[in-house]
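Colleague: The structure's right below; bear with me while I get my questions together.
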Amino acid sequence: MQNTNNIHPVFDQIINKGQKEKLLNQRAKVLWFTGLSGSGKTTLGASVEKELFNRGFLTQILDGDNVRSGINKNLKFTEEDRVENIRRIAEVTKLFLNCGVIAINCFISPTKESRDMAKSIIGKENLIEVFVSTPIEVCEQRDTKGLYAKARSGELKNFTGISSPFEIPEHPDIIVNTDELTLEESTQHILDFLLKEITP
Numbered sequence: 001m002q003n004t005n006n007i008h009p010v011f012d013q014i015i016n017k018g019q020k021e022k023l024l025n026q027r028a029k030v031l032w033f034t035g036l037s038g039s040g041k042t043t044l045g046a047s048v049e050k051e052l053f054n055r056g057f058l059t060q061i062l063d064g065d066n067v068r069s070g071i072n073k074n075l076k077f078t079e080e081d082r083v084e085n086i087r088r089i090a091e092v093t094k095l096f097l098n099c100g101v102i103a104i105n106c107f108i109s110p111t112k113e114s115r116d117m118a119k120s121i122i123g124k125e126n127l128i129e130v131f132v133s134t135p136i137e138v139c140e141q142r143d144t145k146g147l148y149a150k151a152r153s154g155e156l157k158n159f160t161g162i163s164s165p166f167e168i169p170e171h172p173d174i175i176v177n178t179d180e181l182t183l184e185e186s187t188q189h190i191l192d193f194l195l196k197e198i199t200p
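In structure tokens:
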């Protein structure tokens, strides 16, 4: 194992976040979508990104499937690996944040512990928590991948909402129910909050 005494960060030599935000003419924030599989997190995140792009903001979406096909491809869905999944995502997100980029994260992040860990890494003041509170019945109806059916049959283990718990966020910054609002309405609801946070 490498001796951590030999690690010497050079953060003081790097152009800082404030300078990069000034260059990009935006304030960097992390929009963290949490909710059940099929709730609409990524669809909504992509819609918000499109609107921000059209307004001249620089963004980056991080999505569960994309991350697990790359940097986290070695992780499974055990409780331990789920925690590590979120930890790595939070560390990568922090890099985007420090570059002045607005990160849009779309992850189930099912437990309060995992979400609190992400906030501690990224900085609570930098993270806007969005709870996509779509009912599980609606999520199952939308399930084009057939994951809920596999979970209910026992074929898919540790599936959030069926065989693994989802802890509803206690104090999210934004709540969106995509069962009651259209995609356009949901997007606007988020933008109404977000634009005040990211405009210099």
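Counting from 1, one number per residue, gives the positions in the sequence shown under this note's numbering.
Just so you know, even glycine gets a beta-carbon here, dropped at the ideal spot from N, CA and C.
None of these values were measured; they are calculated from a predicted model.
1. In the structure shown, what three-state DSSP assignment does residue 26 receive?
2. DSSP state of residue 163, grouped into three classes?
3. Quick check on residue 140: does DSSP put it in helix, strand or coil?
4. If you follow the beta strand (DSSP E) that residue 105 is in, where does it begin and where does it stop?
5. In terms of residue numbering, what span does the alpha helix (DSSP H) encompassing residue 65 cover?
6. How is the beta strand (DSSP E) around residue 129 delimited, first residue to last?
7. Alpha carbon to alpha carbon, how far is residue 58 from residue 22? Give it in angstroms, no decimals.
8. Determine, using beta-carbon pairs with one atom in the stretch 68-75 and one in the stretch 165-178, whether at least three such pairs fall under 8 Å.
9. From residue 108 to residue 55, what does the alpha carbon distance come to, in whole angstroms?
10. Roughly how many angstroms separate the alpha carbons of residue 64 and residue 110, rounded to a whole number?
11. Name the residue from 124, 128 and 144 whose alpha carbon lies nearest to the alpha carbon of residue 193.
12. Given a cut-off of 8 Å on the beta-carbon distance, is the pair residue 106 and residue 45 in contact?
13. In the structure shown, what three-state DSSP assignment does residue 33 receive?
14. When the Cα atoms are used, what is the spatial distance from residue 139 to residue 163?
15. Check the C-beta distance from residue 187 over to residue 48 and give it rounded, since I have them as a contact under 8 Å.
16. Among the candidates 125, 60 and 113, whose CA atom is the shortest distance from the CA of residue 95?
17. Do residue 17 and residue 98 have their C-beta atoms closer together than 8 Å?
18. Within 10 angstroms of its Cβ, does residue 93 collect 16 or more other Cβ (buried), or is it exposed?
19. Under a Cβ-count criterion, where at least 16 other Cβ atoms within 10 Å of its own Cβ denotes burial, should residue 37 be classed as buried or exposed?
20. Count the other C-beta atoms from every protein chain shown that fall within 10 angstroms of the C-beta of residue 33, then say buried if there are 16 or more, exposed otherwise.
Modeller: The structure says:
1. Along the sequence shown, one-based indexing puts residue 26 at 26. Looking at residue 26 - three-state DSSP - the assignment turns out to be coil, as it is neither helix nor strand.
2. Translated into the one-based positions of the sequence shown, residue 163 becomes position 163. In this structure, residue 163 counts as coil in the three-state DSSP scheme.
3. In the sequence shown, residue 140 corresponds to position 140, counting from 1. Residue 140 sits in a helix when the DSSP states are folded into three classes.
4. Taking the sequence shown and counting its residues from 1, the one referred to as residue 105 is at position 105. 102-106 is the span of the beta strand (DSSP E), which, as asked, contains residue 105.
5. One-based indexing of the sequence shown puts residue 65 at position 65. It spans 64-68 - the alpha helix (DSSP H) in which residue 65 sits, taken as one unbroken run.
6. By one-based count along the sequence shown, residue 129 stands at place 129. Its beta strand (DSSP E) spans residues 127-132.
7. For the purposes of this step, residue 22 is identified with residue 22 of the sequence shown, where counting begins at 1. For the purposes of this step, residue 58 is identified with residue 58 of the sequence shown, where counting begins at 1. Going by the C-alpha atoms only, they are around 12 Å apart.
8. no
9. Here residue 108 refers to the residue found at position 108 when the sequence shown is read from its first residue. Here residue 55 refers to the residue found at position 55 when the sequence shown is read from its first residue. If I take the Cα positions, the gap works out to 28 Å.
10. To locate residue 64, count along the sequence shown from 1; it is residue 64. To locate residue 110, count along the sequence shown from 1; it is residue 110. So the alpha carbons of these two residues sit roughly 12 Å apart.
11. By one-based count along the sequence shown, residue 193 stands at place 193. Check the Cα spacing between residue 193 and each of 124, 128 and 144: the tightest is with 128.
12. By one-based count along the sequence shown, residue 106 stands at place 106. By one-based count along the sequence shown, residue 45 stands at place 45. For residue 106 and residue 45, yes; Cβs fall inside 8 Å.
13. Sequence index remark: in the sequence shown, residue 33 carries index 33 (1-based). Reduced to three states, the DSSP call for residue 33 is strand.
14. Start at 1 with the first residue of the sequence shown, and residue 139 comes out as number 139. Start at 1 with the first residue of the sequence shown, and residue 163 comes out as number 163. Linking residue 139 to residue 163 through their CA atoms gives a straight-line distance of about 15 Å.
15. Reading the sequence shown from its first residue, position 187 is the one you call residue 187. Reading the sequence shown from its first residue, position 48 is the one you call residue 48. About 6 Å; that satisfies the 8 Å criterion.
16. Here residue 95 is taken as the residue at index 95 of the sequence shown, counted from 1. The shortest Cα separation from residue 95 among 125, 60 and 113 belongs to 60.
17. Counted from its first residue, the sequence shown places residue 17 at position 17. Counted from its first residue, the sequence shown places residue 98 at position 98. Yes, the pair counts as a contact, with Cβ atoms nearer than the cut-off.
18. If you number the sequence shown from 1, residue 93 lands on position 93. Looking at its Cβ environment, which holds 16 or more other Cβ atoms inside 10 Å, residue 93 is buried.
19. Here residue 37 refers to the residue found at position 37 of the sequence shown. The residue in question, residue 37, is buried, as its Cβ has 16 or more Cβ neighbours within 10 Å.
20. Indexing the sequence shown from 1 puts residue 33 at position 33. The residue is buried, with at least 16 neighbouring Cβ atoms inside 10 Å.
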